[in-house]
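Below: one structure, written as C-alpha cells.
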Amino acid sequence: MRVAFAYVGAEVLGIELLSAILKQQGHEVRLFFDPSLFDDRAIFSVPLLHRLLDVREHTLRELVAFAPDLVAFSVLTNTARWSLEMAAAVKERLGVPVVFGGVHPTVVPEAVIRDPAVDVVNLGEGFESLPELVGKLERGESVADVANLWVKRDGVVIRNPVRPALHDLDSLPHPDKSLFAEYFDVGELYLTITGLGCPYRCTFCSSDVYLDMYRDRGPYLRRRSVARVIDELQTARKRHRLRLVKFADDIFTLNRRWLEEFAREYPRRVGLPYVALSHPRHITERSAQLLRESGCHKLEIGIQSVNEETKRTVLDRHESKEEMARAFSLLEKHGIRYMVNHMFGIPGEGLEQQQEAARFYADFRPARIGGYYLKYLPGTRINAIAVERGILTPADVERFKQGYFATVHSHEHLDPELRRVCTSFETFNLLMALLPRWLNRRLARSPWVLHLHRLPQAFRTVVDVLGSVVHRDRETFAFVRYYLGYVARVARFKARLGRLPGGRLDRSGRPPERRDAAAEPGR
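In C-alpha cells, the structure reads:
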C-alpha cells in the first residue's frame with residue numbers, strides 16, 4: 001500500500017517510527033512536508049514573509065501526484081487546523097481514507113471525528129494500530145474492530161478500546177530519518193528518544209491525559225536499552241553526518257542505573273555532544289556528574305514558575321525553591337550548560353511573581369531563560385482553573401477543541417497591562433545570559449525592567465541569538481542554520497519551480513529533470 005504522511009513545521013519522531021514499521025511490512029511511505037516558514041506553529045509568525053514563502057499548495061500537489069491509498073496526519077492542537085484544511089483538500093481531490101493520530105485527536109477524539117474529512121482517529125500510540133489498519137485496508141478487510149481506532153462508517157462512529165502501551169521499546173525499528181532527510185539535514189540536530197512517558201501530572205500538559213488513558217493497561221513509563229539507543233546512533237552515523245544529538249525524553253535523568261550504563265557506553269561508542277531535558281527533582285550530585293561524563297552539551301529544565309504557591313495550587317508541581325536552587329548549583333558545579341523553561345500567563349501570576357522569578361534566576365547563570373506563554377491545550381486541567389478565575393469562558397474551552405494557532409510568543413489571553421509586564425520580564429530574562437551576575441541581581445530589583453516591553457520583538461530575537469553565541473549553544477545554532485537555510489531553499493524553489501506543477505521542494509533545489517538524474521540509489 002502507498003501511505004502518505006502530511007505534516008507542517010518541524011521534524012516528528014513519531015512519524016519516522018511509524019514509517020519504519022510500515023516499510024518493514026512492505027508498504028511504500030512518503031512524507032509531504034510544509035515548513036510553513038514564518039508561520040511555523042512554534043516560534044515565528046510574520047504574515048508578510050509567510051505569504052512570500054508559502055509552499056502549501058505545492059505540498060498538496062505533490063501529495064496528490066503520489067496517489068496514496070491512505071493519508072495520515074500526526075496532529076497537535078496548533079497544527080490541527082492546517083491538518084483539517086489539508087485533509088479536506090485531499091478528500092476533494094483523491095477521496096482516499098484519512099486517519100488522524102497524535103496528541104490532539106487522542107485528547108479530543110469526538111471533536112476530530114466529527115469533521116467530514118476525517119475517517120479514522122487513532123487514540124494513543126499507533127505503533128501497532130496503524131500497521132494493523134494499513135494491513136486490513138490492503139487486504140480489503142473491515143477496520144471497524146481495530147483497537148485504538150475510532151472509525152466512521154455510514155455516519156456512525158465505532159469507538160474501539162485503547163490497547164495497552166507497547167512495553168518493549170527495543171522491538172521498534174530505528175526511526176526512518178529518510179523522510180525528513182529529503183527536506184533538510186537531519187544530522188545537524190539528530191532527534192531521538194530513549195524512553196516514553198512522564199510520571200508527573202502538570203495541569204497544563206497532555207501527559208496527564210495519557211496517564212489516565214493507560215491506567216491499568218500495563219506500564220506507561222518505558223525505556224529502550226542503552227545498547228539499542230547506541231546501535232541506532234551508530235547506524236545513523238553511516239547514513240547522515242551527525243553533529244549533535246537531541247534526546248527528547250520528558251525526563252532524561254529519570255533512572256540513575258540506566259544513566260550509569262549510558263555514561264560508560266555513549267562516550268566510547270558514540271562520543272557526540274547531546275542535549276536533553278530534565279526536572280529539578282531528578283538532578284542530583286551523581287546524575288550531574290554522569291551528564292558531564294557522558295558529554296551532555298546542554299540540559300533543558302522545566303521550571304515554569306518559581307513561586308511555590310503557583311506551582312502547588314495551579315500547576316500541580318511540588319518542587320521547592322531549595323530543590324530548584326540545588327539543581328542549578330549542581331549543574332554549574334559540574335560545568336553543564338542548562339536552559340530554563342519559564343512560563344508566562346499562568347493564572348494568578350502577575351508583576352510580583354515575575355519579579356520573584358527574576359530575582360531567583362539572577363543568583364544563577366543559566367545559558368538561557370526561555371520564556372513562553374501558557375497555551376490552554378484541550379483536555380488539560382488548567383482550563384477549568386482558568387474558567388473558575390474568569391480568564392476563559394466555557395465557550396473558549398470548546399473552541400480550543402477545534403485547534404488554534406499559537407507560537408511560544410502568542411499571548412492572546414492576557415490583558416494589556418499583564419502583557420506589558422510579561423514582555424518586559426521575557427526581555428530581561430534573555431538579557432541575563434549576557435550580563436554579569438552582580439548586574440543581573442541589581443537590575444532584578446530595579447523598576448527599569450518594567451520599561452523593556454517597549455523594545456521590538458526583533459530586539460529580543462537578537463539578544464537571544466547573542467546569548468547563544470556567548471554560551472556556545474549548538475542547538476540554537478542548528479536551529480538558526482536550519483531556518484536560514486530553508487528560507488534560501490524555499491526562495492530558490494519558488495523562483496525556479498513556482499509555476500511548475502510537478503516541482504518538488506527538497507534539499508537539492510534543482511529542477512525535476514536534473515534532480516531525478518542525481519537521485520540517490522533506491523529513492
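Residue numbers (this note's numbering): 1 to 523. No residue lacks a Cβ here, since even glycine has one placed at the ideal position from N, Cα and C. This one's a predicted model, so the numbers in the text were calculated from it and none came from an experiment.
Report task. Report yes if the CB atom of Leu94 is closer than 9 Å to the CB atom of Ala67, and no otherwise. Result -> yes
Query raised in the report: Taking the alpha helix (DSSP H) that Glu322 falls in, what are its first and last residues?
Result: Lys321 to Lys333
Query raised in the report: Roughly how many whole angstroms lie between the Cα atoms of Ile385 and Arg281?
Result: 25 Å
Requested in this report: Report the residue from Cys202, Asp154, Trp150 and Phe127 whose alpha carbon sits nearest the alpha carbon of His174.
Outcome: Phe127
Query raised in the report: Taking the alpha carbon of Glu316 as the point to measure from, which residue in Cys202, Glu332, Val340 and His167 has its own alpha carbon closest?
Result: One point to set straight first is that residue 316 is Asp, not Glu, in the sequence displayed. Ranking Cys202, Glu332, Val340 and His167 by Cα distance to Asp316 puts Cys202 first.
Requested in this report: Return helix, strand or coil for His50, following the three-state DSSP convention.
Outcome: helix
Requested in this report: Output yes or no for whether 9 Å exceeds the beta carbon distance between Cys422 and Gly371.
Outcome: yes
Query raised in the report: Leaving out five residues before and five after Val112 in sequence, what residues of the same chain have Cβ atoms less than 8 Å from its Cβ?
Result: Val75, Ala80, Phe100, His104, Pro105, Val118 and Val121
**Report entry** Span of the alpha helix (DSSP H) around Thr106
**Finding:** Val103 to Val107
Query raised in the report: Taking the continuous beta strand (DSSP E) assigned at Asp34, which residues delimit it?
Result: Glu28 to Asp34
Requested in this report: Report, in whole angstroms, the separation of the C-beta atoms of Gly102 and Ala165, which I expect to be a contact under 8 Å.
Outcome: That belief does not hold up - the Cβ atoms of Gly102 and Ala165 are roughly 15 Å apart, past 8 Å.
Query raised in the report: Arg222 bridges to which residues according to DSSP?
Result: Leu196
**Report entry** Sequence-distant residues of the same chain with beta carbon closer than 6 Å to Leu233, five excluded per side
**Finding:** Val270
Query raised in the report: Whose C-beta lies closer than 6 Å to the C-beta of Phe360 among residues of the same chain, with five residues either side of it excluded?
Result: Val306
Query - Three-state class that DSSP yields for Glu138 in the structure shown - result: helix
**Report entry** Extent of the continuous beta strand (DSSP E) run through Trp448
**Finding:** Taken as a continuous stretch (DSSP letters only), Trp448 belongs to no beta strand (DSSP E), as it is neither H nor E.
Query raised in the report: Given a threshold of 16 other Cβ atoms within 10 Å of its Cβ, counted over all protein chains shown, does Thr313 qualify as buried or as exposed?
Result: exposed
Report task. State buried or exposed for Glu85, treating a residue as buried only when at least 16 other CB atoms are found within 10 Å of its CB. Result -> exposed
Report task. For my contact list, Leu53 and Val487 are in at a C-beta cut-off of 8 Å; report their separation, rounded to the angstrom. Result -> 7 Å
Query raised in the report: From what residue to what residue does the beta strand (DSSP E) around Ala6 run?
Result: Arg2 to Val8
Query raised in the report: What does a CB cutoff of less than 6 Å around Ser424 pick up in its chain, not counting 5 residues either side in sequence?
Result: Val449, Leu450, Leu452 and His453
Requested in this report: Keeping to the same chain, check which residues put their C-beta closer than 6 Å to that of Val8; ignore five residues upstream and five downstream.
Outcome: Asp34, Ser36, Thr79 and Trp82
Query - Sequence-distant residues of the same chain with beta carbon closer than 7 Å to Glu308, five excluded per side - result: Ser320 and Lys321
Query raised in the report: Fully enclosed by the stretch 227–266, which beta strand (DSSP E) runs are 3 residues long or longer?
Result: 245–247
Report task. Use the C-beta contact count for Thr77: other C-beta atoms within 10 angstroms, 16 or more gives buried, fewer gives exposed. Result -> buried
Requested in this report: Could you please give me the residues that DSSP links to Lys152 through a beta bridge?
Outcome: Val157
**Report entry** Buried/exposed call for Leu177, threshold 16 Cβ in 10 Å
**Finding:** The sequence given here places Lys at residue 177; Leu does not occur at that position. It counts as buried.
Query raised in the report: Do the stretch 401–414 and the stretch 342–361 make contact, defined as three or more Cβ pairs closer than 8 Å?
Result: yes
Requested in this report: May I ask you to report which of helix, strand or coil DSSP gives Gly485?
Outcome: helix
Query raised in the report: Just curious, the alpha helix (DSSP H) that Gln402 is in, first and last residue?
Result: That residue, Gln402, is in no alpha helix (DSSP H); it is neither H nor E in DSSP.
**Report entry** Cut-off 8 Å between Cβ atoms - residues of its own chain near Ser142, not counting five sequence neighbours on either side
**Finding:** Lys136
Query - Helix, strand or coil at His453 according to DSSP, with G and I counted as helix - result: helix
Query - Nearest-angstrom Cα separation, counted from Val465 out to Thr476 - result: 8 Å
Report task. Could you please give me the residues that DSSP links to Tyr372 through a beta bridge? Result -> Met343
Query raised in the report: Nearest to Arg286 by CA position, among Gln304, Glu261 and Pro273, is which residue?
Result: Glu261
Requested in this report: Would you list the one or two residues that DSSP bridges to Tyr183?
Outcome: Tyr183 pairs with nothing; no bridge assigned.
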